[in-house]
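Chains as they are written, first to last, in this note's numbering: chain A, 1430 to 1930; chain B, 39 to 189.
A virtual CB, placed ideally from N, CA and C, is assigned to each residue, including glycine.
This one's a predicted model, so the numbers in the text were calculated from it and none came from an experiment.
Data block below; observations after.
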């Protein structure tokens, strides 16, 4: 306990180093810019800027990526409120009440509410990060090869959850990712598999290249396919952004409820901020004393949606950091960031010297929320103008950044070609209802599962009973079943929330 | 059922066949795991086939091209070819020259105003130079052209 408190304290001291403060500032600003540009997503932003963290210390790099994540989730609300176009899917519910407020001349108040609710949602989500992550990490310390096999299977069942429409198509995407993860050297036999004579594929497909291709390059191709439209001019606003004491008292319980919703949704693999925002919005309406204002510009609705989607951020990091299971696309990209730094997501992050890095990141995540509040409140007017930036400029700019980002990994042109191939795969996957997040999850979890399975069978001389030899194995088997059933449950939640909306 | 699903199924069976052929070239002991994954992918694809047949019987057949309703083929393929040429030209022209030409060409094609083209070029190139060359110390491709001139 005392040791943990010491780590927490040191984490804050380290997070306050100037380089980390700079990373937070830059990350939040970049994140908000990406978030407020309709068409660019949080996952895309984090993937695109992943190579920038190569030369940074692990904690600084993770703080920067975390800041982009939080900034992008909040940034989506700016275009949602001012031009009725959510910058990211996580702000879809914010657009309903936020734009109504803008029409009534209360754009400043809507943005202020979004900013404050996002701040508290994000800040409160850090509590669960601090509380649950080390506990789960300690449990994961007991894992052996059979447990790791089941853990990866559990992660793969989440694929069913992250699939957007068809569960079978989601699983097919995952199986494709698994197949692609077999490219490279066989981990047990040392045989070259499907390397096409390329020595750069010795360690398999570079996950960062795949991430940049699937999330960023495919986005550029998606923007390139549609007619370039002139975006609506963002509404100029002059009203106060800060809320009065009374208004703050009104939204405080809403923020509390949305925090719990967002956090739980974040921890659950397969769910994400886009579901949480609707659930938070609906709960705000159910408990509101002014239900009649909903649909006509209610700041409680904005607070409910924004607090919930930002509360997802801390929660979603828990399964990724402790078990090495990214529950959705942004955390998959963040996991790529950890892998680049030579760290293995999982229980090892909470022991020894790496624990210091982890707690510095946690402390940084807390401080990021303060930067988000400050930069958000001060820079809203400027960010509002950025949201008008044309797709015509974004297409070549994003393409160039994808090329340079993938080249920077090994200073090798083969990586650029791999990124481009994954860009085309990602674009086709979007077009035909397949799932990019599922491909990435399988690409990351495939080698873990393969090693776990083959090592277990080697230890037991080929006896498969070893895979069911401990209680933890059985718990993980049960979680796999829940993982398979989770899309049905999530569909019910999402359907109910949208129906009520 | 969407007609485009047939294409998806054919593509997935094609991937299975391609990887199966390559797996059979591996030593026998290294074949087991890839074969399991190929079997999983083929099994799921077959499940998808049953699924789409059931949907076709229940709801009929649609083109499935709804997702392409905003698709502008001339714009997309022109930009795509530009990207391919940009990548192909980079080893010869170098990163900066190739990027400036690619960006200018694509922005002119998309009818962006001249001052916006210049501003975008300056911002993107400066960003890449500062972030990658100065900060990350990445040596971006100079290109055979500049190398032959002694750079």
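Chain A residues whose Cβ lies nearer than 7 angstroms to that of residue i
| i | result |
| --- | --- |
| residue 101/B | Here the premise fails: no neighbours, minimum Cβ distance about 13 angstroms. |
| residue 126/B | Here the premise fails: no neighbours, minimum Cβ distance about 10 angstroms. |
| residue 64/B | 1620, 1622 |
| residue 137/B | 1829 |
Presumed contact (8 angstroms Cβ cut-off) between residue i and residue j, rounded CB distance
| i | j | result |
| --- | --- | --- |
| residue 1818/A | residue 1466/A | 6 angstroms |
| residue 1494/A | residue 1482/A | 6 angstroms |
| residue 1584/A | residue 1869/A | Going by Cβ atoms, the distance from residue 1584/A to residue 1869/A rounds to 11 angstroms, so no, they are not a contact pair. |
| residue 1806/A | residue 1541/A | 7 angstroms |
| residue 1707/A | residue 1453/A | Wrong, their Cβ atoms sit about 29 angstroms apart, outside the cutoff. |
| residue 1833/A | residue 88/B | That pair is no contact at about 45 angstroms. |
| residue 1456/A | residue 1497/A | 5 angstroms |
| residue 1643/A | residue 1873/A | Contact flag wrong, Cβ pair sits at about 12 angstroms. |
| residue 1790/A | residue 1556/A | Not a contact, Cβ separation roughly 16 angstroms. |
| residue 1479/A | residue 1634/A | Incorrect: roughly 15 angstroms between the Cβ atoms, too far for contact. |
| residue 1571/A | residue 1863/A | Actually they are not in contact, since the Cβ atoms of residue 1571/A and residue 1863/A sit about 36 angstroms apart, beyond 8 angstroms. |
| residue 1758/A | residue 1522/A | That belief does not hold up - the Cβ atoms of residue 1758/A and residue 1522/A are roughly 19 angstroms apart, past 8 angstroms. |
Residue i: contacting residues in chain B (beta-carbon distance under 7 angstroms)
| i | result |
| --- | --- |
| residue 1615/A | 68 |
| residue 1597/A | 82, 85, 86, 89 |
| residue 1837/A | 170, 174, 176 |
| residue 1845/A | 125 |
| residue 1879/A | 71 |
| residue 1637/A | Here the premise fails: no neighbours, minimum Cβ distance about 14 angstroms. |
Residue(s) in a DSSP beta bridge with residue i
| i | result |
| --- | --- |
| residue 1848/A | Beta-bridge pairing links residue 1848/A to no other residue. |
| residue 1614/A | 1621/A |
DSSP-derived helix/strand/coil call for residue i
| i | result |
| --- | --- |
| residue 1787/A | helix |
| residue 100/B | strand |
| residue 41/B | coil |
| residue 81/B | helix |
| residue 1549/A | helix |
| residue 1776/A | helix |
| residue 180/B | coil |
| residue 1723/A | coil |
| residue 1884/A | helix |
| residue 1443/A | helix |
| residue 66/B | helix |
| residue 1568/A | helix |
| residue 1533/A | coil |
| residue 1378/A | Residue 1378/A is absent from the model: chain A starts at 1430 and stops at 1930. |
| residue 1828/A | helix |
| residue 1626/A | coil |
| residue 1712/A | helix |
| residue 1703/A | helix |
| residue 1683/A | helix |
| residue 1758/A | helix |
| residue 1899/A | coil |
| residue 1697/A | coil |
| residue 1798/A | helix |
| residue 1836/A | helix |
| residue 1872/A | helix |
Proximal residues of chain A, C-beta to C-beta of residue i below 8 angstroms
| i | result |
| --- | --- |
| residue 177/B | 1840 |
| residue 110/B | 1654, 1655, 1656 |
| residue 156/B | Simply none; closest approach about 12 angstroms. |
| residue 180/B | Within chain A, no residue comes near residue 180/B; the closest Cβ sits about 12 angstroms away, beyond 8 angstroms. |
| residue 76/B | 1608 |
Listed by chain order, chain B residues near residue i by CB distance under 8 angstroms
| i | result |
| --- | --- |
| residue 1883/A | 71 |
| residue 1815/A | The contacting residues do not exist; residue 1815/A stays about 12 angstroms from chain B at best. |
| residue 1632/A | Chain B residues near residue 1632/A: none, gap ~17 angstroms exceeds 8 angstroms. |
| residue 1824/A | 117, 144, 148 |
| residue 1605/A | 50, 53, 79 |
| residue 1787/A | Near residue 1787/A there are no residues of chain B at all, since even the closest Cβ is about 24 angstroms away, more than 8 angstroms. |
Listed by chain order, chain A residues near residue i by CB distance under 9 angstroms
| i | result |
| --- | --- |
| residue 160/B | Residues of chain A passing the Cβ test: none, with the nearest at roughly 12 angstroms. |
| residue 166/B | 1829, 1830, 1833 |
| residue 106/B | 1654, 1860 |
Neighbour list for residue i in chain B, Cβ cutoff strictly below 9 angstroms
| i | result |
| --- | --- |
| residue 1747/A | By Cβ distance, chain B contributes nothing, its closest Cβ being about 29 angstroms from residue 1747/A, past 9 angstroms. |
| residue 1935/A | No information on residue 1935/A is available, as it lies outside the stretch 1430 to 1930 that chain A covers here. |
| residue 1849/A | 121, 122, 125 |
| residue 1601/A | 46, 50, 79, 82, 83, 85, 86 |
| residue 1514/A | None at all; the shortest Cβ gap to chain B is about 15 angstroms. |
**Report entry** alpha helix (DSSP H) runs contained entirely in the region 107 to 175 of chain B, provided each spans 4 or more residues
**Finding:** 111 to 131, 133 to 147, 152 to 166
Query raised in the report: What alpha helix (DSSP H) runs, 4 residues minimum, are completely inside the region 1628 to 1665 of chain A?
Result: 1636 to 1640, 1647 to 1654
Query raised in the report: Along the chain, which unbroken stretches of the alpha helix (DSSP H) at least 4 residues long are found entirely within the region 1448 to 1524 of chain A?
Result: 1471 to 1478, 1487 to 1512
Query raised in the report: Got a sec: which bits of the region 1476 to 1509 of chain A sit with their beta carbon under 7 angstroms from any beta carbon on chain C, in order along the chain?
Result: As a matter of chain content, chain C is missing from the structure shown, whose protein chains are A and B.
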